[in-house]
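Counting from 1, one number per residue, gives the positions in the sequence shown under my numbering.
Every residue gets a Cβ at the ideal spot worked out from N, C-alpha and C, and that includes glycine.
Accompanying notes for the structure given below.
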Amino acid sequence: KPSTDKQKQRAQLDYIQKLNQGVLAKEEHQPAVEGIIESYELAFRMQDVMPEMMDVSKETPATLAMYGADAGPTQTFGQQCLLARRFAEAGVRFIEVTHGNWDQHTNLTVDHKARAEGCDKPIAGLLQDLKQRDMLKDTLVIWGGEFGRTPAAQGADGRNHNNKGYTTWMAGGGVKGGFSYGETDEHGYEATETPCHIHDWHATILHLLGLNHEELTYQYAGRDFRLTDVHGIVAQDIIA
Numbered sequence: 001k002p003s004t005d006k007q008k009q010r011a012q013l014d015y016i017q018k019l020n021q022g023v024l025a026k027e028e029h030q031p032a033v034e035g036i037i038e039s040y041e042l043a044f045r046m047q048d049v050m051p052e053m054m055d056v057s058k059e060t061p062a063t064l065a066m067y068g069a070d071a072g073p074t075q076t077f078g079q080q081c082l083l084a085r086r087f088a089e090a091g092v093r094f095i096e097v098t099h100g101n102w103d104q105h106t107n108l109t110v111d112h113k114a115r116a117e118g119c120d121k122p123i124a125g126l127l128q129d130l131k132q133r134d135m136l137k138d139t140l141v142i143w144g145g146e147f148g149r150t151p152a153a154q155g156a157d158g159r160n161h162n163n164k165g166y167t168t169w170m171a172g173g174g175v176k177g178g179f180s181y182g183e184t185d186e187h188g189y190e191a192t193e194t195p196c197h198i199h200d201w202h203a204t205i206l207h208l209l210g211l212n213h214e215e216l217t218y219q220y221a222g223r224d225f226r227l228t229d230v231h232g233i234v235a236q237d238i239i240a
């Protein structure tokens, strides 16, 4: 709870915004100042809505159980996934949920099993809940990490990093379901058939969000830049 009541906060913010507007009056096009004004107003409004959005006590026992948010090793991540659905319902446009401690260079057998047990049910519950609320078709869900693991062991019970062949998945929001795109070699080490580079993946995500990544190009220091660098081809085969 803020240490200053709402009325005093509003008065303080109004004074700050008056100063910010004064800066804009002298020079209209100042994106940094405009961003500050919008951010302050957003933060003020969030104080009203966030407590209710974070309160899962009104969710039914069946919903909590579907996410595994009620007890056990799935409780923490299950609650995060449940909050993600609540945020999406409230109109939040981008939501990130994290699940860490996957970097098993040792003790992989035990630790990976524990990590998987902690996230399988919650993420399945999120997809099921979005679908039954008719939200999945309008919500793009992306699951992945920054790299995979090598097929060969590192030491007695570990795997090293591998950026040559690994899996991410997408659901809802305009993508085809029930199929895989691309293949690795027989060892699972390197993508060999229709490999999808990270720039291609980003271009595909932007396309699904209604943005043409090539139209976001700008010139700087004598070369072209965009969100996919100067690369990226949309993977049309995964588009529904």
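Annotated as proximal: THR139 and GLY173, with beta-carbon spacing under 8 Å.
DSSP lists MET170 as the bridge partner or partners of ILE142. For PHE44, the secondary structure class from DSSP, reduced to helix, strand or coil, is helix. Collapsing the DSSP output to three states places ASP120 in a helix.
When beta bridges are read from the DSSP output, THR184 appears opposite ALA191. A distance below 7 Å between beta-carbons, with the five flanking residues on each side excluded, links ILE123 to the following residues of its chain, in chain order: CYS81 and TRP143. Listed in chain order, the alpha helix (DSSP H) runs fully inside the region 21-97 are 31-54, 61-67 and 75-89, counting runs of at least 4 residues.
Residue VAL56 holds the alpha-carbon nearest to the alpha-carbon of GLN75 among VAL56, LEU206, GLY232 and LEU227.
Remark: C-beta atoms of THR106 and ASP185 do not approach each other more closely than 8 Å.
According to the DSSP assignment, ALA153 belongs to no alpha helix (DSSP H) but to the beta strand (DSSP E) extending over 148-153.
Annotated three-state conformation of ARG226 is coil, per DSSP. Between ASP103 and GLY22, the alpha-carbon positions lie close to 50 Å from each other. Counted as a single uninterrupted DSSP element, the beta strand (DSSP E) harbouring HIS161 occupies residues 159-162. Residue burial is scored here from C-beta neighbours: ILE233 has fewer than 16 other C-beta atoms within 10 angstroms and is therefore classed as exposed. Taken through DSSP and simplified to helix, strand or coil, GLN7 comes out as helix.
Separation of ALA69 and GLY118 (C-alpha to C-alpha, rounded to the nearest whole angstrom) is 10 Å. When the Cα atoms are used, TRP201 and THR4 turn out to be separated by approximately 45 Å. For ASP200, the enclosing alpha helix (DSSP H) has its first and last residue at 198-208. DSSP places ILE238 in the helix class (H, G or I) of the three-state scheme.
Taking every protein chain shown into account, the CB of ILE16 has fewer than 16 other CB atoms within 10 angstroms, so this residue is exposed. Sorting TYR220, GLY165 and VAL141 by C-alpha distance to the C-alpha of ALA152 places GLY165 at the top. By the Cβ-count criterion, GLN79 is buried, with 16 or more other Cβ atoms from all chains shown falling within 10 Å of its own Cβ. CA-to-CA, the gap between GLN154 and GLU41 works out to about 51 Å. Within the same chain, ILE95 and VAL97 come within 6 Å of ALA84 by CB-CB distance, once the 5 residues on both sides are set aside. In the DSSP annotation of this structure, the continuous segment of the beta strand (DSSP E) that includes GLN219 starts and ends at 218-220.
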